[in-house]
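Using my numbering, you'd call the opening residue of the sequence shown number 155 and step up by one each time.
Below is one structure; the comments refer to it alone.
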Amino acid sequence: MKTGTLAGWTLLLVAVVLQGSLAGHLRLLGFQPDLILTAALCLGLLLGPEKGGLLGFAGGILEGVLVGSNPGSFLASRCAAGLLAGAASARLFRENRLVPVTLIIAGTALAELVFFVMSPSASFVPYLRLALGEGIWNSVVALAAYPLAARWVGR
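In structure tokens:
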């Protein structure tokens, strides 16, 4: 296993621990960051589509276990988001600070859309609101997390 991949797995596990212990205390205006999704998106952008999809898959399983419901929806949505971020990495200038921020918002929206399709509720409006608020929160987290992750995985 390459150093970048090992660092990616380590960062994902750190995100899982922080999601379970810290994220609930970061609630603002009814939204909290999804640190696991943010990690999968950042790592997908840094490590490419295969590793992004794999880390998103693993993050989805772990998040489903952590939340205790809809594990298949978490798995599929996080895998799709990590894969999208990895695919975008070939076409985007990753060193620009706006690229990860924009990608985190788009990836969060995609993840929430996939989650909604797999676990629909009565109305799409709350999911749209969640995707927007969580996407903004995740992008704020990514402003600090992306440069640290890039340094850790050696990119």
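A virtual CB, placed ideally from N, CA and C, is assigned to each residue, including glycine.
Whole-angstrom C-beta distance between Ala193 and Ala234, which should lie under 8 Å: Here residue 234 corresponds to residue number 80 of the sequence shown, with the count starting at 1. Here residue 193 corresponds to residue number 39 of the sequence shown, with the count starting at 1. Contact flag wrong, Cβ pair sits at about 15 Å.
For the alpha helix (DSSP H) holding Glu217, just list the boundary residues, first then last. The residue you call residue 217 lines up with position 63 of the sequence shown. It spans Pro203 to Val221 - the alpha helix (DSSP H) in which Glu217 sits, taken as one unbroken run.
On the DSSP bridge assignment, give the partners of Leu185 in chain order. Residue 185 sits at position 31 when you count from the first residue of the sequence shown. Per the sequence presented here, residue 185 reads as Phe, with Leu not at that position. In the DSSP output, where bridge partners are listed per residue, Phe185 has Leu182.
In chain order, what residues of the same chain have a beta carbon less than 7 Å from the beta carbon of Pro203, not counting five sequence neighbours either side? The residue given as residue 203 occupies position 49 in the sequence shown. Short of 7 Å from the beta carbon of Pro203, and not among the five residues preceding or following it, lie these beta carbons of its own chain, in chain order: Leu237, Gly240 and Ala241.
State the Cα-Cα distance for the pair His179 and Glu249, rounded to the nearest angstrom. Position 25 of the sequence shown, counting from 1, holds the residue named residue 179. Position 95 of the sequence shown, counting from 1, holds the residue named residue 249. Using only the alpha carbons, I get a separation of about 31 Å.
When the Cα atoms are used, what is the spatial distance from Thr159 to Val271? On the sequence shown, position 5 is the one that residue 159 refers to. On the sequence shown, position 117 is the one that residue 271 refers to. Pairing Thr159 with Val271, the inter-Cα distance amounts to about 31 Å.
If we call anything under 7 Å between Cβ atoms a contact, is Leu191 one with Leu172? Taking the first residue of the sequence shown as position 1, residue 191 is located at position 37. Taking the first residue of the sequence shown as position 1, residue 172 is located at position 18. Going by C-beta atoms, Leu191 is not nearer than 7 Å to Leu172.
Under 8 Å by Cβ, that's how I've got Leu199 and Val170 pegged, so tell me the actual separation to the nearest angstrom. For the purposes of this step, residue 199 is identified with residue 45 of the sequence shown, where counting begins at 1. For the purposes of this step, residue 170 is identified with residue 16 of the sequence shown, where counting begins at 1. Under the criterion of beta carbons closer than 8 Å, Leu199 and Val170 do not qualify as touching, at roughly 19 Å.
Assuming Arg232 is part of the alpha helix (DSSP H), what are its boundary residues? In the sequence shown, residue 232 corresponds to position 78, counting from 1. Looking at the DSSP string, the run of the alpha helix (DSSP H) that includes Arg232 is Pro225 to Ser243.
For Leu302, does the count of other Cβ atoms within 10 angstroms reach 16, so buried, or fall short, so exposed? What you label residue 302 is simply residue 148 of the sequence shown in a count that begins at 1. Within a 10 Å sphere around the beta-carbon of Leu302 sit fewer than 16 other beta-carbons, which makes this residue exposed.
Interface flag, Arg181 vs chain B, CB-CB below 7 Å: In summary, chain B is missing from the structure at hand, where a single protein chain is found.
Closer than 8 Å is the cut-off here; do at least three beta carbon pairs connect the segment 250 to 259 with the segment 288 to 301? These segments touch.
With DSSP as the reference, label Asn292 as helix, strand or coil. As a first step, residue 292 must be located in the sequence shown, where it is residue number 138. Three-state result, Asn292: helix.
Whole-angstrom distance between Leu195 and Gly214, CA atom to CA atom: For this step, residue 214 is matched to residue 60 along the sequence shown. For this step, residue 195 is matched to residue 41 along the sequence shown. Rounded to whole angstroms, the separation of the alpha carbons of Leu195 and Gly214 is 12 Å.
If you compare alpha carbons, which of Leu209, Ser231, Val253 and Gly162 is closest to Ser313? Outside the displayed span of the chain (155 to 309) sits residue 313, for which this structure offers no information.
Contacts around Leu167, its chain only, beta-carbon distance under 6 Å, and the 5 residues preceding and following it disregarded: Taking the first residue of the sequence shown as position 1, residue 167 is located at position 13. If the five residues before and after Leu167 are omitted, its C-beta is found closer than 6 Å to no C-beta atom of its own chain.
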